[in-house]
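**Student:** Going line by line, the protein sequences match chains X and G. Numbering-wise, the working numbering comes out as the position in the first sequence, counting from 1, plus 23. The numbers in the working numbering rise by one with no breaks, and the one at position 37 of the second sequence is 18.
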Amino acid sequence: GDSVTQMEGPVTLSEEAFLTINCTYTATGYPSLFWYVQYPGEGLQLLLKATKADDKGSNKGFEATYRKETTSFHLEKGSVQVSDSAVYFCALSEYNQGGKLIFGQGTELSVKP
Amino acid sequence: EAGVAQSPRYKIIEKRQSVAFWCNPISGHATLYWYQQILGQGPKLLIQFQNNGVVDDSQLPKDRFSAERLKGVDSTLKIQPAKLEDSAVYLCASSVSGPTYTEAFFGQGTRLTVV
Chain X
24 GDSVTQMEGP VTLSEEAFLT INCTYTATGY PSLFWYVQYP GEGLQLLLKA TKADDKGSNK
84 GFEATYRKET TSFHLEKGSV QVSDSAVYFC ALSEYNQGGK LIFGQGTELS VKP
Chain G
-18 EAGVAQSPRY KIIEKRQSVA FWCNPISGHA TLYWYQQILG QGPKLLIQFQ NNGVVDDSQL
42 PKDRFSAERL KGVDSTLKIQ PAKLEDSAVY LCASSVSGPT YTEAFFGQGT RLTVV
C-alpha cells in the first residue's frame, strides 16, 4: 500500500541555519503531496502542497518540490527562526480517495537562538 | 471562522473501561475524519464520513471501536473496552466534500492515556 517515509528527528538547528527535511513516498497512483506542521499545543496545520510532478509548494519561506522521478518531496527553508520549532509531517493523498491522508512519522525541529 | 472542536482534551482511564470522544467540525464541511496518532508516529486514519455515511473504516478495530455521525454534523468515537495500546492522541478533521483532496482542518485532539 501507499506509504510515506521521513527523516528521523529530532533535528536541532541554530537560528538562520538552512533546513532540509527529507520525505520519500510510495504510491500506486498519482498522489498529491503535503507538508503539515504541528506547533506545540496546537492542531495540525497545512503548510504547503503540490498536486502534480514538478510543482513547487511554498508558504512562510518553506518550499518543497514534487519529484516524481525520485518519489520525493523534501522540505526546505533558507533561514529558520525559533518560531519554526514544531513537528513537521509529510503526507500524501491519492486521487479519488476522498481526501484521505497518509502521513509520515513526523520530524521534530528545534531551533535554538 | 470557528475551527474543529474536540472534547475532552485529555482523558485517563483504566484498561477495560470505555471512553468517548466528541468532535464538532467546521460548519458546512461534509467530510469528517478520525485519526489516531500514537506517540512518535504520524496520524493514521480510523474512519471517514461523508455527511452521515461511512466512506472508509478499513483501519477501525471494529471489535472495540465505534463511531457515528448523527445528522451529518457532530461525531463521536467510542472505545469499549480500552487496551493499553489505545493510548494515543485522537484527532478529528473536516473538509468540504469531493472525490479528491480538499484541505483538511484538524482539531487539537484528545490525548488518551490507558493505564
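All C-beta atoms in this analysis are idealised placements derived from N, C-alpha and C, irrespective of residue type, glycine included.
Measure how close the beta-carbons of X:GLY32 and X:THR130 come, nearest whole angstrom, since I'm counting them as under 8 angstroms.
**Tutor:** Right, their Cβ atoms sit about 4 angstroms apart.
**Student:** Using beta carbons (cut-off 8 angstroms, strictly below), is X:PHE126 in contact with chain G?
**Tutor:** Closer than 8 angstroms to some Cβ of chain G, the Cβ of X:PHE126 qualifies, so yes.
**Student:** Once you ignore the five residues that flank X:LYS72 on each side, which residues in its own chain have a CB closer than 8 angstroms to its CB?
**Tutor:** Taken in chain order, the residues that qualify are SER55, LEU56, PHE57, TRP58, GLY80.
**Student:** Measuring alpha carbon to alpha carbon, tell me which of X:ALA40, X:THR47, X:TYR53 ends up nearest X:LEU132.
**Tutor:** Nearest of X:ALA40, X:THR47, X:TYR53 to X:LEU132, Cα basis: X:ALA40.
**Student:** What are the residues that DSSP puts in a beta bridge with X:SER95?
**Tutor:** Note: X:SER95 sits in a beta bridge opposite X:THR47, X:ARG90.
**Student:** For G:PRO6, count neighbouring Cβ atoms within 10 angstroms of its own Cβ and tell me buried if that reaches 16, exposed if not.
**Tutor:** Its Cβ being crowded by 16 or more others within 10 Å, G:PRO6 is buried.
**Student:** In its own chain, which residues sit with a C-beta less than 7 angstroms from the C-beta of X:THR35, not counting the 5 before and 5 after it?
**Tutor:** Excluding residues within five positions, the ones whose Cβ falls inside 7 angstroms are SER133, LYS135.
**Student:** Please state whether DSSP places X:GLY101 in a helix, a strand or coil.
**Tutor:** Correct three-state label for X:GLY101: coil.
**Student:** Where does G:ASP122 sit, in a helix, a strand or coil, going by DSSP?
**Tutor:** Here chain G has residues from -18 to 96 only, and residue 122 of chain G is not among them.
**Student:** Quick one: measure Cβ to Cβ for G:THR12 and G:GLN(-13), integer angstroms, because I've assumed they're closer than 8 angstroms.
**Tutor:** That belief does not hold up - the Cβ atoms of G:THR12 and G:GLN(-13) are roughly 16 angstroms apart, past 8 angstroms.
**Student:** Ordered along the chain, which non-local residues of its own chain (more than five positions away) have a Cβ less than 7 angstroms from that of X:GLN68?
**Tutor:** Here the set comprises TYR59, VAL60.
**Student:** Closest Cβ-Cβ distance between G:SER76 and chain X: below 8 angstroms?
**Tutor:** Yes, G:SER76 counts as interfacial toward chain X.
**Student:** In chain X, what lies closer than 7 angstroms to G:GLU100 by C-beta?
**Tutor:** For residue 100 of chain G there is no data in the structure shown, the boundaries of chain G being -18 and 96.
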